[in-house]
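Protein chains in written order, with the working numbering: chain A, 4 to 142; chain B, 4 to 142.
In what follows, a single structure is set out as C-alpha cells and then discussed.
2 protein chains.
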Amino acid sequence: MSDLLERLRGRGWRMTAQRRVVAEVLEGDHVHLTADEVHARAVERLPEISRATVYNTLGEMVSLGEVIEVSTDRRAKRYDPNAHRPHHHLVCGRCGAIRDVHPSGNPMADLPDDERFGFTVSDVEVTYRGICPNCAATA
Amino acid sequence: MSDLLERLRGRGWRMTAQRRVVAEVLEGDHVHLTADEVHARAVERLPEISRATVYNTLGEMVSLGEVIEVSTDRRAKRYDPNAHRPHHHLVCGRCGAIRDVHPSGNPMADLPDDERFGFTVSDVEVTYRGICPNCAATA
DNA sequence: TCCTACATTGGACTCAATCCAAGTCAATTT
DNA sequence: AAATTGACTTGGATTGAGTCCAATGTAGGA
C-alpha cells in the first residue's frame, strides 16, 4: 500500500506517528499538495500535529530524495511523491493545478558547451504552462 | 543608448524620474537583478525613490512585455530586460547567479498530445541547474 | 497656467516558510 | 521492563518578499 512509507522505512528512518501520517497523505499519482494542504489532511488523522513538523518532515523527505519539491509559481511549494521516475510538469496558470508529464527529447543534450559558461550542469527542469480544461470552461 | 527606455517611451508610457531610473538600471546583457537590487541602484541616482514604486514599475514593465520575470528559486524574483529574444536560464544552485542560454531543440514539440491532459499549452520554460565556476572554485 | 488622471510614497499588512527553546518520545542499552 | 538519550515535536515569534492603501505629488494635455 504505502510505497513511500516503505521506502522511508527501508532507509532506517526513525518512525513516529507524525511522519507516518505525512507519508500516508502523500500517496498517489499526480499528487502535488502544498505544505498547508498536507497539514490539513494530516490533522484529520492526527489532530495535534503541528505545521512545523509537517515542514520538517517534508523537508527531510526531500533531502532523502523520496519526495520532490515543486515550485512552479510564487505561491506555496508543492510536494510530489513521484520521485522514482524522472518527469516534468504542466501547470495551469489560472488555478495552479499540476500534472506530471514525460516529454520526449533530451534538453540536457541541447545545451551546447559554449553556452555553459563553465558551469557544471547537473539538472534540467522543464515547465509547460497553459490553462487547464476546467479553467478554460470557466473562462 | 537606453534600448529599454526607448521601447517604453515608444509605447506612450508616461515618463517620470522614477521610471526612467528603473529602466536605466536594467540596461545590459545577462542582467538579472532582484527588486531590492534595482532599488539599491536606483537610490544612488534618485535618493527618494521608494520600494513600492520600484515594485510597481517593474510589474508594469513585465505587463508590457518589455521585461521578463525570472523566478528560478524561492528567493526573490529577478528581472531580465532581455525580452526581445526568447531564451532560457542556467542557474547556480549555490549563489543564485543566472546566465541566459539558447538551447537547440524545441521542447514545445516534445510534449505529445496524450500528455497534455486537455490543457491549452502556451509556453515552456527550461531551467538548467548547476554550479558556477566561481562557486566550484570556492568549494 | 490649470486640471486631472495617473504616479509615488511609506507604513501596515499578508503569506509562506524558518527558527528556537522547551517538552516529548522511539529505540537502544542495561 | 526500566532507564537512557539523542532525535523529534511543538507553537509562538520571526523573517523575507511582496502587496495594499489612503494621502500626496506631478506629467502632459487643454
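Think of the CB as a built atom: it goes at the ideal place given N, C-alpha and C, for glycine as much as any other residue.
Under a three-way DSSP split, which group does residue i fall into?
i, result
"Met54 (chain A)", "In the sequence under discussion, the amino acid at residue 54 (chain A) is Arg, which differs from the Met named in the question. Three-state result, Arg54 (chain A): helix."
"Leu36 (chain A)", "strand"
"His92 (chain B)", "strand"
"Glu125 (chain B)", "According to the sequence shown, residue 125 (chain B) is Ser rather than Glu. Looking at Ser125 (chain B) - three-state DSSP - the assignment turns out to be strand."
"Pro136 (chain B)", "helix"
"Gly15 (chain B)", "coil"
"Val70 (chain B)", "coil"
"Thr146 (chain B)", "Beyond the ends of chain B as shown, which are 4 and 142, falls residue 146 (chain B); an answer cannot be given."
"Arg22 (chain B)", "helix"
"Thr60 (chain B)", "helix"
"Asp76 (chain B)", "coil"
"His105 (chain A)", "coil"
"Arg97 (chain A)", "coil"
"Arg10 (chain A)", "helix"
"Arg119 (chain B)", "coil"
"Tyr131 (chain A)", "strand"
"Met4 (chain B)", "Interpretation of Met4 (chain B) is limited by its pLDDT of 47, a score under 50 that renders its predicted location unreliable; the figure taken from the coordinates is listed afterwards. In the structure shown, Met4 (chain B) sits in coil (DSSP, three-state: anything other than H, G, I, E or B)."
Along chain A, which residues have their Cβ under 8 Å away from the Cβ of residue i?
i, result
"Ile1 (chain B)", "Residue 1 (chain B) lies beyond the stretch modelled for chain B, which goes from 4 to 142, so this question has no answer here."
"Pro106 (chain B)", "Pro110, Asp113, Leu114, Pro115, Glu118"
My guess is that residue i and residue j are in contact by the Cβ rule of under 8 Å, so how many angstroms apart are they, rounded?
i, j, result
"Phe120 (chain A)", "Leu93 (chain B)", "7 Å"
"Glu69 (chain B)", "Arg23 (chain B)", "Not quite, the Cβ-Cβ distance comes to about 14 Å (not below 8 Å), so this is no contact."
"Gly99 (chain B)", "Arg78 (chain B)", "6 Å"
"Thr130 (chain B)", "Glu128 (chain A)", "5 Å"
"Pro84 (chain A)", "Val41 (chain A)", "No, Pro84 (chain A) and Val41 (chain A) are not in contact; Cβ-Cβ is about 11 Å, not under 8 Å."
"Glu30 (chain B)", "Leu7 (chain B)", "6 Å"
"Arg81 (chain B)", "Thr37 (chain B)", "6 Å"
"Ile52 (chain A)", "Ala45 (chain A)", "5 Å"
"Pro110 (chain A)", "Gly108 (chain B)", "6 Å"
"Val73 (chain B)", "Ile101 (chain B)", "7 Å"
List, in chain order, every chain B residue whose beta-carbon is nearer than 9 Å to that of residue i.
i, result
"Leu93 (chain A)", "Leu114, Glu118, Arg119, Phe120, Phe122, Val124"
"Thr130 (chain A)", "Asp126, Val127, Glu128, Val129, Thr130"
Going along chain A in order, which residues have a C-beta closer than 7 Å to the C-beta of residue i?
i, result
"Ala139 (chain B)", "Thr123"
Taking C-beta pairs closer than 7 Å, name the residues in chain B that residue i reaches, listed in chain order.
i, result
"Arg102 (chain A)", "Phe120"
If the cut is a Cβ gap below 8 Å, which residues of chain B does residue i touch?
i, result
"Arg77 (chain A)", "Ser74, Lys80"
The ligand SAH and residue i: does the residue's C-beta get closer than 7 Å to at least one heavy atom of that ligand?
i, result
"Leu114 (chain B)", "Absent from the structure shown: the ligand SAH. Ligands present: none."
I want to know whether the segment 83-102 of chain B touches the segment 80-93 of chain A - three or more CB-CB distances under 8 Å. no
Say whether the segment 121-141 of chain B touches the segment 129-140 of chain A, bearing in mind that this needs 3 or more beta-carbon pairs closer than 8 Å, one atom from each stretch. yes
Check your understanding: Do the segment 11-30 of chain B and the segment 49-63 of chain B touch if we need at least three Cβ pairs shorter than 8 Å?
Key -> Yes, since at least three Cβ pairs between the segment 11-30 of chain B and the segment 49-63 of chain B fall closer than 8 Å, the two stretches touch.
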